[in-house]
Amino acid sequence: MGQDGDITRANQSIASSVRCNIRVLYKFEACFGLLFILAFVVNRLDLQVAQLQQTY
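So for the sequence shown, this note's numbering puts the first residue at 415; every next one is plus one.
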């Protein structure tokens, strides 16, 4: 009986740490997504500025 309880407790702690890791991964993905969008926008702005400088 005691061994079963230990196994259950171990499984629960593994499950909770996996859930925590998934949460952290989601945050990282969100941050990377935002950084990617920002980089894309900055890149577009640079291109537009370069085009404007060529025209004038």
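Heads up, the beta-carbon is just placed ideally off N, CA and C, and yes, glycines get one too. Just so we're clear, the structure is a prediction, and the values are computed from it rather than from any experiment.
Which same chain residues end up closer than 8 Å to residue i when comparing Cβ atoms and leaving out the 5 residues on each side of it in sequence?
i	result
GLU443	none
Could you compute how far the alpha carbon of residue i sits from the alpha carbon of residue j?
i	j	result
GLN467	ASN457	15 Å
THR469	VAL455	21 Å
SER430	ILE436	10 Å
LEU439	ALA464	37 Å
PHE450	VAL432	26 Å
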